[in-house]
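Participant:
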Amino acid sequence: MLGLPIFPTWCPRAKGTPKSCLTPSAALSLLPLQQPPSTLLQTENFLSFFVDKVNKVRSSISPSALSLPLPTPTRPIILDSFAPVSLPELTKLVNSMKTSACPLDILPSSLFKSAFQSIGPSVLSIINASLVSGQVPAYFKNAVIHPLLKKASLDSSLHSSFRPISKLPFISKILEKVVAKQLTAALDEQNIYDCFQSGFLIAHCTETALLRVSNDLLTHSDAGDCSVLVLLDLAAAFDTVDHHLLLERLRDWVGLSGTALEWFSSYLFEHTFSVAVSKFRSSATSLTHGVPQGSVLGPLLFLLYLLPLQHILSSFKGISYHLYADDIQLYISFKPHEMSKLQLLHTCLDSIKTWMTGSFLQLNEDKTEILICAPDKLVLKVRDSLGQLASHTKPSIWNLGVTFDPSLTLDSHVSSLVRSSFFHLRNIAKLSPILSCSELETVIHTFISSRLDYCNSLFTCLSRTSLNRLQVVQNACARLLTKSSKHTHITQLLLQLHWLPVNFRVHFKILVLVYRALHEQTPSYIGDTWRGMVGRNDPPGLNLNTVLLLDLCALHGLSIMKMTFKHKRVYMCL
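Letter by letter, the sequence shown follows residues 1 to 574 of the UniProt record's numbering.
(1) Please state whether DSSP places V241 in a helix, a strand or coil.
(2) Alpha carbon to alpha carbon, how far is I77 from S257?
(3) Quick one: what's got a C-beta closer than 8 Å to N95's C-beta in the same chain, skipping five residues either side?
(4) Taking I119 and S227 to be in contact with their CB atoms under 8 Å, please state how far apart those CB atoms are, rounded to whole angstroms.
(5) Distance check for A374 and N367, CA to CA, integer angstroms please.
(6) Report the start-end ranges of each beta strand (DSSP E) in the stretch 212-271 that is 3 residues or longer and not cut off at the edges.
(7) Verify whether the separation of the beta carbon atoms of L231 and E369 is less than 7 Å.
(8) Any idea if Q197 is buried or exposed, counting beta-carbon neighbours within 10 angstroms, 16 or more meaning buried?
(9) Who does F162 pair with in a DSSP beta bridge?
(10) Which stretch, first to last residue, makes up the beta strand (DSSP E) that contains Q329?
(11) Would you tell me roughly how many angstroms separate the C-alpha atoms of R163 and K141, rounded to the nearest one?
(12) Going along the chain, which residues of its own chain have a beta-carbon closer than 7 Å to the beta-carbon of D411, five neighbours each way excluded?
(13) Compare the C-alpha of T446 against each of Q388, S421 and L458 and name the closest.
(14) Look up S320 in the DSSP assignment and say whether it is helix, strand or coil.
(15) What is the rounded straight-line gap between the Cα of G3 and the Cα of R281?
(16) Given a cut-off of 7 Å on the beta-carbon distance, is the pair L518 and S457 in contact?
(17) Which residues in the same chain as D225 place their Cβ atom closer than 7 Å to its Cβ, once the five residues preceding and following it in sequence are excluded?
(18) What span of residues does the beta strand (DSSP E) with N191 cover, start to end?
(19) In the DSSP assignment, find the alpha helix (DSSP H) that holds I444 and state where it starts and stops.
(20) Can you confirm whether the stretch 231-249 touches the stretch 288-307 when touching is taken to mean that 3 or more C-beta pairs between the two stretches lie within less than 8 Å?
(21) For S450, report the span of its alpha helix (DSSP H) as first-last.
(22) Cα-Cα, which of A260, A276 and L168 is closest to A83?
(23) How is V402 classed by DSSP in three states: helix, strand or coil?
(24) Within its chain, find whatever has a CB closer than 7 Å to the CB of S110; leave out the 5 residues flanking it on each side and keep chain order.
(25) Does the beta-carbon of A429 have 16 or more other beta-carbons within 10 angstroms, so that it is buried, or is it exposed?
(26) Compare the Cα-Cα distances from Q171 to each of Y139, V473, L148 and S161 and report the closest residue.
(27) So, are the CB atoms of L494 and A478 less than 7 Å apart?
(28) Could you check the C-alpha separation between L246 and N364 for me, to the nearest Å?
(29) Compute the Euclidean distance between the alpha carbons of H311 and H220, then round it to the nearest angstrom.
(30) What is the rounded straight-line gap between the Cα of I352 and the Cα of T72?
(31) Cα-Cα, which of S153, S133 and L90 is closest to S122?
(32) If I'm right that M339 touches V382 with Cβ under 8 Å, what's the distance once you round it to whole angstroms?
(33) I need the DSSP call for A143, collapsed to helix, strand or coil.
(34) Count the other C-beta atoms from every protein chain shown that fall within 10 angstroms of the C-beta of Q388, then say buried if there are 16 or more, exposed otherwise.
(35) Assign I173 to buried or exposed, taking buried as 16 or more other Cβ atoms, counted over all protein chains shown, within 10 Å of its Cβ.
Okay, here's the thing in structure tokens:
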């Protein structure tokens, strides 16, 4: 347990970075913090486990497996070389980077940044030499993996409970940042990304993804349709990426050539990694497959590796999809008398499996989950029509941090949210005697307010009862922070703290999303839904004559005209 004198010195440093509260606060509130065993033998065991895990997945794929015949895209060349950067550009980029720690760093990243005025010209020469030659220095291709526990509830004695997170030398991250900036600019200009991919992209997040999915499902529900939502999970997706296939897709599907493509070839091959736990580090081995999790370019390269999947998914008319990195969502809606349309879902899943096999990716079929959104009297009929997929149906599913239920009311999510919030609130109450008011507020926002705000744009479909349950949580937080009794009027406490009530926080989030959509600061799958005719007396770009996406989330019992008028009035008051 952390000593009491440590906490006051930590809390001011944590201000503005809520996630840094997690470890100290968990320790102080007596929550179990599991760490992997730290011995030299254990690091070697971790290394063997991570290598064997990838080899096992790849060996399970038949060498004769053929990918779906996809037409070769006629993508024009969008980038054939990287432009050298100037010293002011590099200085600005380095100053904007977060400090990080890697055992391979010669200088700590904080010292590296503070001394950059002196070492900048030398670093610039190394970076530009790599960009021009298309070669990555060998030192930049060494990584140290730190095992990260996937969930706090998992057994830390099992290697399978940990996720491999790569830590790279700080200077190599600078090079990756420079490359990523130029590559992203070319991708944005040519609109290369899958329009329904929300992972690792600017202005995209889990909330925008879930908002689109829930809107589509609610729209069909209001029309009297049945829907089936399928969540697919990939096994070790980042770690099984085939380097040769990735380079082919960078060339054919993205449009890279010349020294730009040579640079990525040099970046991918002859990579090495070791595993470090505490002060022990294993021997190094070659990284023959995959893109490093924890690197700058790894997530971006994975998204580009999945580009052909867009062609397959979009070819099935009647099936909608959404991706968040390697999390795949499929959903199909149909009239109650059109159960036969579910056969299309089987065909689509078979095509996905075939393509995955040819791409050395493996679906984790044991973790496939299906939610049936239909009236109670039709649920069994839909389930029977699913055939072999029926065994994967669940009463509710956990979708990117939000629990979806068949009625799409989010009642299950609210119950889980209230339960976890009060669990943390009881632990925080134990800390309150040793914390100042500002420190206590920081901890409350970290553990509870962040949960109430997560994806709260979906809460427009909540019942008044569910909203009241969430408001009770916020009220309890306010009373703890102000040390007020339960008889004190809560409105005055919230005003004193400058906290918006839960319902108004939902309205505020909606207004922010509307504003961003009107200024093209949201994904196209959100903004395009709001585009339409503009009223004569409305602000430029404001879509009021078309039903807003967010209106559809609250249509139960209300007419379209009333909801449109309501949001127009709220927006005009912004």
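Virtual Cβ for every residue (Gly too), placed ideally from N, Cα, C.
Facilitator: Quick answer:
(1) coil
(2) 7 Å
(3) K113 and F116
(4) I119 to S227, Cβ: 58 Å. No contact.
(5) According to the sequence provided, residue 367 is Lys. The question's Asn does not apply to it. Separation of K367 and A374 (C-alpha to C-alpha, rounded to the nearest whole angstrom) is 22 Å.
(6) With a minimum length of 3 residues, the continuous beta strand (DSSP E) runs that stay inside the stretch 212-271 are 226-232.
(7) yes
(8) buried
(9) L149
(10) D327 to F334
(11) 20 Å
(12) D405 and S466
(13) S421
(14) strand
(15) Because G3 sits at a pLDDT of 42, beneath the cut-off of 50, its placement in the model cannot be relied upon, and the following sentence gives the value as read from the coordinates. The alpha-carbon atoms of G3 and R281 are separated by roughly 29 Å.
(16) no
(17) Taken in chain order, the residues that qualify are S333, F334 and K335.
(18) Segment: none, N191 is in no beta strand (DSSP E) and carries neither H nor E.
(19) C437 to I444
(20) Result yes; three or more Cβ-Cβ pairs closer than 8 Å.
(21) Boundaries of the alpha helix (DSSP H) harbouring S450: S450 to D453, taken from the DSSP string.
(22) A260
(23) strand
(24) T99
(25) exposed
(26) The residue you asked about is not Gln; residue 171 is Ile in the sequence shown. Out of Y139, V473, L148 and S161, the CA that lies nearest to the CA of I171 is found in Y139.
(27) yes
(28) 21 Å
(29) 25 Å
(30) 18 Å
(31) Among S153, S133 and L90, the Cα nearest to that of S122 belongs to L90.
(32) 7 Å
(33) It is a strand residue.
(34) exposed
(35) According to the sequence shown, residue 173 is Lys rather than Ile. When all chains shown are included, K173 counts as buried.
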